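Undergrad:
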Amino acid sequence: MSVPPACQLILDLENRRGVSCRGVVTAISTNALMEQLCLKYQQRPWTETLRLVYFCMDNPLRRPVSHAPDSPLLSCMEKIERTLHAKSMFSVMNALESLSRQKGLNVHVSPSGTACYITSMMFYLEVQLEKDGNLMDVKLAHFGEAPVVCDDLVQLLRMKNYDAFGKILEDLSNMYQIPGNSEMKAKGYLALQALEKDLYSMSLLDRTQDVNRVTEILHGKVGHLVPRTGGTPMNIEFYISPYQILEAELNPGSQVCGTKTVVTIEGTDMLHKLPLSPLIVDPQSGEDSNPAFLQLTDELSMDLPALFVLKFHQPVPMSSSSIEDIHRLTGIQISGLKLAPLYELIVWSALKDKCSEELSTNESCFFVSLPDCPKHCYFINKGSEKSDLAGALVSKIPFSHPKCVPGVIEILRHQVAYNTLISSCVSDKHINEVMIDVITSREVHCHLQLNPQDPALSCSDDFIARAVKSCMSVPVVMRAIFRNAAKVKADSKTQDMDVDTKQPHEPPSEQITDSDSLKESPSVAGQHDLVVTNKPSITDSTEENLSTAKLETLGDNMEKSNLSSRTETLCRVEEN
1 MSVPPACQLI
11 LDLENRRGVS
21 CRGVVTAIST
31 NALMEQLCLK
41 YQQRPWTETL
51 RLVYFCMDNP
61 LRRPVSHAPD
71 SPLLSCMEKI
81 ERTLHAKSMF
91 SVMNALESLS
101 RQKGLNVHVS
111 PSGTACYITS
121 MMFYLEVQLE
131 KDGNLMDVKL
141 AHFGEAPVVC
151 DDLVQLLRMK
161 NYDAFGKILE
171 DLSNMYQIPG
181 NSEMKAKGYL
191 ALQALEKDLY
201 SMSLLDRTQD
211 VNRVTEILHG
221 KVGHLVPRTG
231 GTPMNIEFYI
241 SPYQILEAEL
251 NPGSQVCGTK
261 TVVTIEGTDM
271 LHKLPLSPLI
281 VDPQSGEDSN
291 PAFLQLTDEL
301 SMDLPALFVL
311 KFHQPVPMSS
321 SSIEDIHRLT
331 GIQISGLKLA
341 PLYELIVWSA
351 LKDKCSEELS
361 TNESCFFVSL
371 PDCPKHCYFI
381 NKGSEKSDLA
391 GALVSKIPFS
401 HPKCVPGVIE
411 ILRHQVAYNT
421 LISSCVSDKH
431 INEVMIDVIT
441 SREVHCHLQL
451 NPQDPALSCS
461 DDFIARAVKS
471 CMSVPVVMRA
481 IFRNAAKVKA
491 DSKTQDMDVD
501 TKQPHEPPSE
511 QITDSDSLKE
521 SPSVAGQHDL
531 VVTNKPSITD
541 STEENLSTAK
551 LETLGDNMEK
561 SNLSSRTETL
571 CRVEEN
């Protein structure tokens, strides 16, 4: 017999108070059980029952929930509170108290019951409610600072998004997880403030009034920087793909975000010299638009058991060469990395929601299908034995000086752009060769290699390179090559007809039909050559020319795959 959560909660409470009634539960019906509970508590107000729940759960909540023997009881109470949507002031307070204690924080309620104080050694939050439970205000005060209103926290609590609110409480606590006393923790917070001010100063370099977000993301020294507000840490958006740019243009007002990193500080076992005040005096005083930094003297710095950190929401596959470049730039080794084939990491990252970590890209081939184009089959192997084809999943990058950040951001752009290009060949549907050499994040070279037995496709390397820059997608580039070949074929027939009638005709020219324009945008990160093989399932033919009819039959024997809505949207743009 299943017992309602509320009944189980009361039964557990009775057991904790020494009343043995679990045996009764198994012997009587649910209706009889509910009747007994109503009789037992009909003389007591509901507020007293809730106080009983809180009293019995107060001590267990001070331990991690996963290790507490009362975690089923806690889970039961949380389900009840969320089911009721925490409408009353009392239930909102209980939700805040329960969540705060889960995060290891202290909670105090004002005598009037309308204010809840969530405190730690280094900060506190003040949550003010009205009598009916509606939220009035949320204020945050760091050690030695006056409280400030946090609009982000207000919005979360008004939406009853306790999971996101709890994540911010956790981030605030982690920011002070520095070994030492409160004075040492306060120095760590001062160092983080100094770093944030320097990064913000760098973000203003070369900024004009009409600069847009995409330009800042792809070209800014520190990307598109959003300062820390309330409980939300400073974050840097440093790369956005052409697909995401098109998606944002097609859906005005949509929240299309590129790749971001969060700026914070973490405790370490060793001491590191960190600045305690901003080091940039005049952002425009340096050479080549680079700021000049003050010397890191003892007056401006302090040895702390901490490091600045750029943290990612999802681990980023990075090549061993990129990791070494960051090491040389920051002087700090990224610890805890597990080396693996880079392409395997990129494929796993692209399919992490659909495959296991044991996926072997050495045995994986991927089918990609686009409208009006033959299907493509891509085989991505582990590469050669070059050491720089190895890589690791990087979750955070430590550093100790603000001058390191622009260089690190450029390396990250380089890597993420490269990952984006490789990932375009990956799908959940498990000879012409296009060789793409990624030089830098803003330069890419391409070369088309054909089987001697295949007809020429009349595509120059410059045409393919411009196609890659315009879309950052290998399948779309392959379609552009096929379409261009079909167009050249059609133009050649027209030219032959014009020659027969003795009329001059301009030589055929290459056109990219897979993008609205060929405007120069930052391209992929240059690391290694990618060989993409297209092997359509067609019978051998001795025809020297690639006809339109043959293009339409390429890949007909391959298994059909559904296109994602994102690809369909982009293809509609391309058709325009």
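For the sequence shown, our numbering begins at 1 and goes up steadily by one. Backbone N, C-alpha and C define an ideal beta-carbon position, used for all residues, glycine too. Bear in mind that the values here come from a model prediction, so they are computed numbers and not experimental data.
1) When the Cα atoms are used, what is the spatial distance from K469 to F90?
2) Whose CA, out of H401, T259 and S254, lies closest to the CA of L225?
3) M175: buried (16+ other C-beta within 10 angstroms of its C-beta) or exposed?
4) Given a threshold of 16 other Cβ atoms within 10 Å of its Cβ, counted over all protein chains shown, does L35 qualify as buried or as exposed?
5) Can you find the residues in the same chain that come closer than 6 Å, C-beta to C-beta, to L412, ignoring five residues on each side of it along the sequence?
6) Assign L39 to one of three DSSP states: helix, strand, or coil.
7) For R466, count neighbouring C-beta atoms within 10 Å of its own C-beta (all shown protein chains included) and say buried if the count is 16 or more, exposed if not.
8) Measure the alpha-carbon distance for T114 versus V127 and round it to whole angstroms.
9) So for T264, helix, strand or coil by DSSP?
10) Please list, in chain order, all residues of the same chain as V524 whose beta carbon is under 6 Å from its beta carbon, the five residues on each side excluded.
11) How many angstroms separate the CA atom of I397 from the CA atom of V309?
12) Assuming the contact rule is C-beta atoms closer than 8 Å, L598 and V263 should be a hit. Round their C-beta distance to whole Å, please.
13) Assuming S400 contacts I280 under a Cβ cut-off of 8 Å, what Cβ separation, rounded to an integer in Å, is found between them?
14) Given that a residue counts as buried once 16 or more other Cβ atoms are within 10 Å of its Cβ, and exposed if not, what is S100?
15) Using CA atoms only, rank isn't needed, just tell me which of L172, D496, N484 and D151 is closest to D137.
16) Curious, which full-length beta strand (DSSP E) runs of at least 3 residues does the region 228-259 contain?
17) Among K167, L135, M159 and S182, which has the Cα closest to the Cα of F123?
18) Can you give the beta carbon distance from A392 to I323, rounded, assuming they're within the 8 Å contact cut?
19) Mind checking D269: buried by the 16 CB within 10 Å criterion, or exposed?
20) Answer yes or no: do P475 and L370 have a C-beta to C-beta separation smaller than 8 Å?
21) Looking only at its chain, what residues have a beta carbon closer than 8 Å to the beta carbon of L300, apart from the 5 residues adjacent to it on each side?
22) Cutting at 8 Å between CB atoms, please list the residues of its own chain near A186, excluding the five before and the five after it.
23) Ends of the alpha helix (DSSP H) at C404?
24) With respect to the alpha helix (DSSP H) encompassing S112, which residues constitute its N-terminal and C-terminal limits?
TA: Considering the structure as presented:
1) Taking the straight line from one Cα to the other gives about 58 Å.
2) T259
3) buried
4) The question names Leu, yet the displayed sequence has Glu at residue 35. Under this definition E35 is an exposed residue.
5) Cβ within range, chain order: F238.
6) helix
7) By the neighbour-count rule (16 or more Cβ atoms within 10 Å), R466 is buried.
8) Their Cα atoms are separated by approximately 8 Å.
9) strand
10) Interpretation of V524 is limited by its pLDDT of 36, a score under 50 that renders its predicted location unreliable; the figure taken from the coordinates is listed afterwards. Its chain contains A417, Y418, L421, V438 and V444 as the residues whose beta carbon lies nearer than 6 Å to that of V524, once the 5 sequence neighbours on both sides are disregarded; these appear in chain order.
11) Straight-line Cα distance between these residues: approximately 5 Å.
12) The structure shown does not extend to residue 598, since the chain is modelled only from 1 through 576, so no value can be given for it.
13) Actually they do not touch by this definition, with Cβ atoms about 16 Å apart.
14) buried
15) D151
16) 235-239
17) Of the listed residues, the one whose Cα sits closest to F123 is S182.
18) Right, the Cβ-Cβ distance comes to about 7 Å (below 8 Å), so this counts as a contact.
19) So D269 counts as exposed.
20) Yes. Within cutoff.
21) P275, L276, S277, L279 and L294
22) Answer for A186: M122, F143 and G144, listed in chain order.
23) C404 to S423
24) No alpha helix (DSSP H) contains S112, which DSSP labels as neither H nor E.
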